[in-house]
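Numbering (the numbering used here), first residue to last: 9 to 432.
Working notes, beginning with the structure itself.
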Ligand code: DOR
Ligand code: ZN
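The following block contains the structure:
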């Protein structure tokens with residue numbers, strides 16, 4: 009028998025042994041259950057928790073065009089290290105991923121650098137050049153391998169164009185991911201509008217710049233009876249709209265990010281450009297509303313919006329710095345803070361970071377059922393690590409938790425039964 013045993017791990021609070029049959033799951037045997045044959049050999053997981061390999065539906069891998077920030081190889085290495093086996097890469101590259109040649113290039117780069125995974129799923133541009141004027145060739149992009157469409161980085165203001173994009177994408181059986189931002193309302197803003205923007209004397213972005221577009225999308229999803237996915241939700245007003253939409257069974261899904269669940273606008277008080285992100289960090293009450301929304305499944309997914317930038321780009325006056333937080337390395341550890349504080353359960357994280365993204369975007373996620381690909385991570389909840397330029401695998405060191413100690417570490421990451429990370 010070619011079985012591999014991984015002893016001494018915890019699945020759903022039960023300790024036991026995971027058995028792999030080459031690249032597939034054979035089963036899980038709890039310690040209280042059947043005994044394992046004496047000669048069985050394998051890995052001692054030292055009490056680690058077993059979770060499915062994670063899926064991130066929102067990353068920026070920067071290649072082609074901005075390889076000094078990140079490339080597909082370094083981005084996927086960061087994904088592997090952070091526990092993500094599948095990532096959906098946004099189209100705001102240079103050139104933009106609005107044609108089959110770019111999509112094929114991204115897939116080829118990933119295959120070349122990481123043949124065993126993590127795997128990249130390109131997101132095609134919704135409009136040519138992300139300009140918001142005419143549709144990108146959605147069918148061509150789908151055929152080349154795009155798994156969704158988005159103008160992420162810039163909202164689509166033209167409602168008629170957006171409506172047509174949603175209809176075409178639905179004909180192709182793919183989702184539109186909307187970056188909800190009304191440009192007229194957000195224009196020139198660099199932080200959340202309110203107390204902090206007044207205090208710092210910086211132009212603010214009001215939360216209604218997001219929630220107004222959320223309401224448009226809810227109304228369109230209802231009118232067309234076609235699903236729309238909402239990217240990086242940051243405020244309570246949006247949560248309320250999504251909650252009401254779901255109560256009426258309107259086909260809306262939504263994601264938020266670890267930074268909106270952990271941090272509020274106070275982080276930018278000392279003009280810290282590492283905390284500059286779009287949408288901006290909001291108020292404490294927005295953070296609390298988002299926490300409740302992920303725990304009660306009003307928001308379906310936690311995605312990183314991994315947005316690596318070079319140090320020299322962030323080391324400029326606040327208003328000039330680019331938006332974005334590097335997230336792949338730290339996302340799981342940051343979310344484990346919420347587990348430690350009993351705001352979420354470990355099961356919730358498996359749902360928010362694996363099973364829900366898999367269901368919504370039609371990707372595979374391991375449920376530890378016999379015959380499924382053995383895609384999983386072993387997480388040591390007690391192991392701490394310090395966030396430093398050297399410990400971040402991503403080329404982007406731009407995170408406000410730089411210098412902090414995080415608790416919880418991916419000790420091993422298996423894809424199709426093969427370790428892509430092994431820290432034992
Ligand atoms: O903070 C952000 N960074 N928000 C976006 O929408 C785009 C992203 C980027 O590409 O850097
Ligand atoms: Zn993004």
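Note that beta-carbon positions come from the ideal geometry of N, C-alpha and C, so glycine has one too.
For residue i, the nearest candidate out of the options (CA to CA)
i: residue 99; options: 156, 331, 394 and 405; result: 156
i: residue 327; options: 283, 32, 318 and 334; result: 283
i: residue 104; options: 368, 308, 68 and 286; result: 68
i: residue 252; options: 275, 226, 271 and 199; result: 226
i: residue 153; options: 107, 256, 196 and 124; result: 107
i: residue 72; options: 89, 93 and 112; result: 112
i: residue 260; options: 93, 272 and 247; result: 247
i: residue 70; options: 429, 28, 306 and 96; result: 96
i: residue 23; options: 36, 32 and 303; result: 36
i: residue 367; options: 132, 401 and 182; result: 182
i: residue 242; options: 397, 291 and 32; result: 291
i: residue 140; options: 129, 161 and 118; result: 161
i: residue 295; options: 110, 255 and 273; result: 273
i: residue 442; options: 20, 258, 399 and 391; result: No statement about residue 442 is possible, as the shown extent of the chain runs from 9 to 432 and does not include it.
CB of residue i within 7 Å of CB of residue j, strictly
i: residue 361; j: residue 51; result: no
i: residue 217; j: residue 244; result: no
i: residue 229; j: residue 236; result: yes
i: residue 264; j: residue 220; result: no
i: residue 404; j: residue 77; result: yes
i: residue 26; j: residue 56; result: no
i: residue 10; j: residue 30; result: yes
i: residue 202; j: residue 211; result: no
i: residue 402; j: residue 356; result: no
i: residue 86; j: residue 126; result: no
i: residue 514; j: residue 132; result: As shown, the chain starts at 9 and ends at 432. That puts residue 514 outside it, with no answer to give.
i: residue 250; j: residue 306; result: yes
Sequence-distant residues of its chain with Cβ nearer than 6 Å to residue i (five each side left out)
i: residue 335; result: 312 and 314
i: residue 329; result: 281, 284 and 322
i: residue 341; result: 414 and 416
i: residue 271; result: 289
Beta-carbon proximity list for residue i, same chain, < 8 Å, skipping 5 on both sides
i: residue 173; result: 134, 135, 143, 146, 157, 164 and 184
i: residue 193; result: 213, 214, 216, 217 and 220
i: residue 240; result: 66, 187, 263, 264, 265, 268, 287, 311 and 313
i: residue 232; result: 171, 174, 175 and 178
i: residue 427; result: 420 and 421
Residue i, DSSP secondary structure in three states
i: residue 391; result: strand
i: residue 158; result: strand
i: residue 90; result: helix
i: residue 153; result: coil
i: residue 461; result: Nothing can be reported for residue 461: it is not among the residues displayed for the chain, which extend from 9 to 432.
i: residue 164; result: coil
i: residue 19; result: strand
i: residue 417; result: strand
i: residue 54; result: strand
Cβ shell of residue i (< 7 Å), same chain only, five flanking positions each side left out
i: residue 167; result: 224
i: residue 275; result: 283, 289 and 408
i: residue 317; result: 77, 330, 332, 404 and 406
i: residue 34; result: 11, 27, 28 and 378
C-beta neighbour in chain B for residue i, strict 7 Å
i: residue 308; result: The structure shown contains no chain B; it is built from a single protein chain.
The region 374–385 in contact with the region 67–85 per 3-pair CB rule at 8 Å: no
Three CB pairs or more closer than 8 Å across the region 417–427 and the region 348–367: no
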